[in-house]
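Structure first, commentary second.
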Amino acid sequence: MAGGWWCSSPSSWPIRWSRRVRVARRRRHLTDEEQRLWKRVTEGAERLGPRAPAPDARQEDEKGQKNPPAGPVAAPEPARRFTPQPFRVGERARATEAAAPAPPAATGPRLDRRQLQDLRRGRLRPEARIDLHGLTLAEAEPRLGQFIRASHQRGFRLVLVITGKGRHAQDVGPIPARQGVLRQHVPLWLLRPPLSHMVLEVVEAHRRHGGGGAYYVYLRKRRT
7 MAGGWWCSSP SSWPIRWSRR VRVARRRRHL TDEEQRLWKR VTEGAERLGP RAPAPDARQE
67 DEKGQKNPPA GPVAAPEPAR RFTPQPFRVG ERARATEAAA PAPPAATGPR LDRRQLQDLR
127 RGRLRPEARI DLHGLTLAEA EPRLGQFIRA SHQRGFRLVL VITGKGRHAQ DVGPIPARQG
187 VLRQHVPLWL LRPPLSHMVL EVVEAHRRHG GGGAYYVYLR KRRT
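Number 189 in the numbering used here belongs to position 183 of the sequence shown; there are no gaps in the numbering.
Right, dumping it as structure tokens:
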């Protein structure tokens with residue numbers, strides 16, 4: 007058979023095949039010049055580390071959802087500074103009236119515009135009155151309740167509750183006491199249970215009936 011690697015004798019095939027494999031496995035070694043050139047190239051090279059993620063890449067959570075970028079941080083509000091009021095040495099501290107809490111709105115129908123206007127102008131005359139001025143809160147609340155229940159039982163529609171303005175209380179000590187406590191609490195008592203179901207409207211009285219130191223209390227009509 008033609009060809010340098012083949013012969014007519016089958017016994018010579020393994021010998022020629024093994025020589026071919028040994029020749030193919032021989033590796034070429036670098037020359038001295040090539041080694042010097044390779045060394046010169048690798049001296050100025052730096053080893054590469056793992057690739058860093060892009061700065062704007064968004065991380066994904068365990069569910070595979072992308073986390074939205076954080077929004078701008080709101081600047082903190084500036085702290086309010088306390089400005090003391092001017093005073094003189096030896097002068098008594100002046101009490102500042104705290105704003106009274108807003109009374110709860112009365113339920114049910116309210117007075118019409120004309121009735122409310124007549125009431126505020128003092129045109130309506132109260133049918134009964136009670137004076138709570140000078141009493142403590144513990145004393146005034148039960149007396150007010152008794153008065154309202156009795157007035158409603160008798161069928162009165164308009165009564166007057168006097169609380170006093172609380173501006174003439176003697177202030178003793180360096181810390182001023184809050185004044186007008188009754189004036190602040192009476193509307194709350196009237197428009198909350200157990201009196202709210204009998205009260206229709208609470209209005210500050212006209213000056214002829216006490217002004218800021220009294221209240222008109224318009225009662226609901228008694229059910230017969």
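Think of the CB as a built atom: it goes at the ideal place given N, C-alpha and C, for glycine as much as any other residue.
| Asked | Found |
| --- | --- |
| Please classify A156: is it buried, with 16 or more other beta-carbons within 10 angstroms of its beta-carbon, or exposed? | exposed |
| On the DSSP bridge assignment, give the partners of R135 in chain order. | L166 |
| Roughly how many whole angstroms lie between the Cα atoms of G9 and R46? | Residue placement at G9 is poorly supported in this model, since its pLDDT is 45, which falls under 50; the coordinates are not used for a value here. |
| Would you report the Cα separation of V187 and L141, rounded to the nearest angstrom? | 10 angstroms |
| Mind checking whether L130 and D137 have CB atoms under 9 angstroms apart? | no |
| Let me know if A211 comes out buried or exposed under the rule of 16 or more other beta-carbons within 10 Å of its beta-carbon. | buried |
| Tell me where the beta strand (DSSP E) around L225 begins and ends. | 220 to 225 |
| Indicate the three-state DSSP secondary structure (helix, strand or coil) for A112 in the structure shown. | Legend: pLDDT at A112 = 44, less than 50; position of this residue unreliable, value from coordinates given subsequently. A112 falls in the coil class under three-state DSSP. |
| For V187, which beta-bridge partners are listed by DSSP? | V187 pairs with nothing; no bridge assigned. |
| State the Cα-Cα distance for the pair L122 and V205, rounded to the nearest angstrom. | 14 angstroms |
| Tell me the residue span of the alpha helix (DSSP H) that contains L150. | 143 to 159 |
| With a Cβ-Cβ cutoff of 9 angstroms, do L201 and G151 count as a contact? | yes |
| Might you give, ordered along the chain, the residues of its own chain that have their beta carbon closer than 6 angstroms to the beta carbon of R214, omitting 5 neighbours on each side? | G128 |
| Determine the direct distance from the alpha carbon of G219 to that of K171, and round the result to whole angstroms. | 4 angstroms |
| Check each candidate in H158, W44, I168 and name the one with the smallest Cα separation from H203. | H158 |
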